[in-house]
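Reviewing the structure listed below.
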Amino acid sequence: MTRLFVLKAWLAGAGLATGIAGMATGWRWLVWVAVGLLGVAFLLRFAERHTAPPA
């Protein structure tokens with residue numbers, strides 16, 4: 038398990054919890070914060086470089 042995987046998991050979990058809280062309270066700005074957290078977690082997928090296995 039890489040350090041980026043742990044970071045992505047935390048960001049996705051925080052985004053999910055924040056989004057649910059924002060929808061429950063009706064605070065739009067909190068939902069947008071959640072969208073931002075989930076967006077960063079998604080973009081971190083491309084930060085990891087996978088090397089091809091040797092042929």
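Heads up: the sequence shown runs through residues 38 to 92, numbered per our numbering. Yeah, the Cβ is synthetic: ideal placement off N, Cα and C, and Gly gets one too. Computed from a predicted structure; not experimentally measured.
Three-way DSSP call (helix, strand, coil) for residue i in this model
{"i": "ARG86", "result": "coil"}
{"i": "GLY59", "result": "helix"}
Bounding residues of the alpha helix (DSSP H) (the contiguous stretch that carries residue i)
{"i": "MET31", "result": "With the chain represented from 38 up to 92, any question about residue 31 goes unanswered, as that position is not in the structure."}
{"i": "THR75", "result": "As written in the sequence, residue 75 is Leu, which differs from the Thr given in the question. LEU75 -> alpha helix (DSSP H) spans 65 to 80."}
Nonlocal neighbours in the same chain, by C-beta distance under 8 Å from residue i, ignoring five residues either side
{"i": "LEU81", "result": "LEU41, LEU44, LYS45 and LEU48"}
{"i": "ARG65", "result": "GLY59"}
{"i": "LEU86", "result": "Checking the sequence, you will find Arg at residue 86 rather than Leu. Excluding positions up to five away in sequence, the list is empty."}
Within 8 Å, strictly: CB atoms of residue i and residue j
{"i": "GLY59", "j": "LEU53", "result": "no"}
Residues of its chain near residue i, where Cβ-Cβ distance is below 6 Å and the 5 sequence neighbours each way are ignored
{"i": "ALA51", "result": "LEU74"}
Same chain, Cβ closer than 7 Å to residue i, five either side skipped, listed in chain order
{"i": "VAL77", "result": "LEU48"}
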